Amino acid sequence: MSDPTQPAPAEQTGDATMPNPPAAANRPAGARPLVAGGVVLALAISGVVLAGALTEDDEPQPVTAVTAAQRSTTPTSASPSAAPTTAAPTTAAPTPAAPATAEPPPPSPTPKPKVVKGRGDDVVRIPDLTDLAVVKFTCRCSSNTVLTSDGDGLLVNEIGSYTGKRWINLEDGSLTTQFEIEASGSWTLTIGTVAQLATTSETGKASGKGDDVLLLGGDATAVRITHRRGSSNFVVHAYSLDDGEGGLLVNEIGAYSGVRPLTTPALVQITADGNWTVAPA
Numbered sequence: 001m002s003d004p005t006q007p008a009p010a011e012q013t014g015d016a017t018m019p020n021p022p023a024a025a026n027r028p029a030g031a032r033p034l035v036a037g038g039v040v041l042a043l044a045i046s047g048v049v050l051a052g053a054l055t056e057d058d059e060p061q062p063v064t065a066v067t068a069a070q071r072s073t074t075p076t077s078a079s080p081s082a083a084p085t086t087a088a089p090t091t092a093a094p095t096p097a098a099p100a101t102a103e104p105p106p107p108s109p110t111p112k113p114k115v116v117k118g119r120g121d122d123v124v125r126i127p128d129l130t131d132l133a134v135v136k137f138t139c140r141c142s143s144n145t146v147l148t149s150d151g152d153g154l155l156v157n158e159i160g161s162y163t164g165k166r167w168i169n170l171e172d173g174s175l176t177t178q179f180e181i182e183a184s185g186s187w188t189l190t191i192g193t194v195a196q197l198a199t200t201s202e203t204g205k206a207s208g209k210g211d212d213v214l215l216l217g218g219d220a221t222a223v224r225i226t227h228r229r230g231s232s233n234f235v236v237h238a239y240s241l242d243d244g245e246g247g248l249l250v251n252e253i254g255a256y257s258g259v260r261p262l263t264t265p266a267l268v269q270i271t272a273d274g275n276w277t278v279a280p281a
């Protein structure tokens, strides 16, 4: 007989009571799971890599800690069941290049004066000349000596030998592309820039004989001009380099002396057969 004070035995059923499931393996704090090929890898932020594998039928396996120092000295081999993992390539942030300082190109060298020599009548073509320029013409001649520009017209008209300078391409629409020469002897035609061929005076005072082109400096507002020992036309044209004002200053025959308004620096052309002077007044 059963003792009434004893509790009745538990009724057995057809289902067995399942034991408590095993506790999950501890995961390091701060780790994040990375699933690759059925393998769960725990990456610890602290710099320690935790590696292991769990399947449905296996008991929890101990986890082995591998420090960063051990990784650099101990070779590791991948588990046969684990698929190899490929680290994402790291792309270094582009370093901004220092801004390049553009240096201006060096100025093109000025061509040397063009020199053409000949004898007798001739035509000299210069298709590459486009700017204000100066020509120097020398002729060892005994009869008429004539130099004509297709842009500026008659430049020289003398009898016998001649040496002088003239400007060309000063006016708009007076582009010279060729010269016509009439000469009874040998001649030399030199073509260059104002800086190369003009007679330069930084003080604004100059003197000479015959035809010439002057580049006068200084700060004068008027100039005194003289012409001596000459018997033919004495003509002076001048233009201020500051304001472009100017034009015909003197047109006389024979000797001359006078003061004319001209602001320097200036470009001056003289036509003369005698001695002349130009000076600030």
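Here my numbering is used: position 141 in the sequence shown is 141, and no number is missing along the way. We treat Cβ as the ideally placed atom computed from N, Cα and C, and that holds for glycine. In this text, all values refer to a predicted model and were calculated from it rather than measured experimentally.
- Closer than 6 Å by C-beta to Gly204: which residues in its own chain qualify, once you throw out the five before and the five after it? Chain order, please. What you label residue 204 is simply residue 204 of the sequence shown in a count that begins at 1. Contacts found: Leu216, Gly217, Gly218, Ala220, Thr264, Pro280.
- Message: I need the straight-line Cα distance from Thr277 to Ser240, nearest angstrom please.
- Response: Against the sequence shown, residue 277 aligns to sequence position 277. Against the sequence shown, residue 240 aligns to sequence position 240. Their Cα atoms are separated by approximately 18 Å.
- Could you give the uninterrupted runs of the beta strand (DSSP E) lying entirely in the stretch 159 to 204, keeping only those of 3 residues or more? 162 to 168, 178 to 182, 186 to 192, 199 to 201
- Query: Roughly how many angstroms separate the alpha carbons of Glu252 and Asp212, rounded to a whole number?
  - Reply: Sequence index remark: in the sequence shown, residue 252 carries index 252 (1-based). Sequence index remark: in the sequence shown, residue 212 carries index 212 (1-based). Taking the straight line joining both Cα atoms gives about 17 Å.
- Task: Would you check if there are 3 or more beta carbon pairs closer than 8 Å linking the stretch 140 to 149 to the stretch 122 to 131?
- Result: no
- Query: Any idea which residues DSSP pairs Arg229 with across the strands?
  - Reply: Translated into positions along the sequence shown, residue 229 becomes position 229. DSSP lists no partner for Arg229.
- Item | Anticipated Cβ contact below 8 Å, Ala255 with Gly230, distance rounded | Position 255 of the sequence shown, counted from the start, is the residue given in the question as residue 255. Position 230 of the sequence shown, counted from the start, is the residue given in the question as residue 230. Correct: roughly 7 Å between the Cβ atoms.
- Thinking C-beta only, is Ala183 closer than 8 Å to Val145? What you label residue 145 is simply residue 145 of the sequence shown in a count that begins at 1. What you label residue 183 is simply residue 183 of the sequence shown in a count that begins at 1. For clarity, residue 145 is Thr in the given sequence; the question names Val instead. In contact: Thr145 and Ala183 (Cβ atoms closer than 8 Å).
- Kindly indicate which residue of Ser174, Trp187, Gln269 has the alpha-carbon position closest to the one of Asp121. Locating residue 121 in the sequence shown gives position 121, where the first residue counts as 1. Minimum Cα distance to Asp121 is reached at Trp187.
- Below 8 Å on the Cβ atoms is my guess for Thr199 versus Gly208; work out the distance and round it to an integer in Å. Taking the sequence shown and counting its residues from 1, the one referred to as residue 199 is at position 199. Taking the sequence shown and counting its residues from 1, the one referred to as residue 208 is at position 208. With 8 Å as the limit, Thr199 and Gly208 qualify as a contact, their Cβ atoms being about 7 Å apart.
- Message: According to DSSP, is Glu56 part of a helix, a strand, or is it coil?
- Response: Position 56 of the sequence shown, counting from 1, holds the residue named residue 56. With a pLDDT of only 42 at Glu56, under 50, the local geometry of the prediction cannot be trusted, and no value is derived from it.
- Please work out which residues of its chain come closer than 6 Å, Cβ to Cβ, to Ala238, disregarding the five sequence neighbours upstream and downstream, and give them in chain order. Looking up residue 238 in the sequence shown gives position 238. The residues are Gly246, Leu249, Leu262, Ala266, Val268.
- What is the DSSP secondary structure of Lys112, counted as helix, strand or coil? As a first step, residue 112 is located in the sequence shown; it is residue number 112 there, counting from the start. In the structure shown, Lys112 sits in coil (DSSP, three-state: anything other than H, G, I, E or B).
- Message: Output needed for Arg260: all residues of its chain with C-beta closer than 7 Å, excluding positions within five of it in sequence on either side, in chain order.
- Response: If you number the sequence shown from 1, residue 260 lands on position 260. Closer than 7 Å at Cβ, skipping near neighbours: Ala222, Val223, Ile225, Leu249, Val250.
- Query: With a CB to CB cut of under 6 Å and the five nearest residues on each side skipped, what residues in its chain are close to Lys117?
  - Reply: As a working mapping, residue 117 is identified with position 117 in the sequence shown. Result list for Lys117: Thr188, in chain order.
- Message: Suppose you measure from the CA of Arg228 to the CA of Tyr162; what does that come to, to the nearest Å?
- Response: By 1-based counting over the sequence shown, the position of residue 228 is 228. By 1-based counting over the sequence shown, the position of residue 162 is 162. Near 19 Å, if we compare the C-alpha coordinates of Tyr162 and Arg228.
- CB contact flag (Val235, Thr177, <8 Å): As a working note, residue 235 is residue 235 in the sequence shown. As a working note, residue 177 is residue 177 in the sequence shown. Going by C-beta atoms, Val235 is not nearer than 8 Å to Thr177.
- Extent of the continuous beta strand (DSSP E) run through Leu267: As a working note, residue 267 is residue 267 in the sequence shown. First-last of the beta strand (DSSP E) with Leu267: 266 to 271.
- Task: Apply the 10 Å Cβ neighbour rule to Pro80 and answer buried if 16 or more other Cβ atoms are within range, or exposed otherwise.
- Result: In the sequence shown, counting from the first residue as 1, residue 80 sits at position 80. Bear in mind that the predicted position of Pro80 carries a pLDDT of just 46, short of 50, making it too unreliable to give a figure here.
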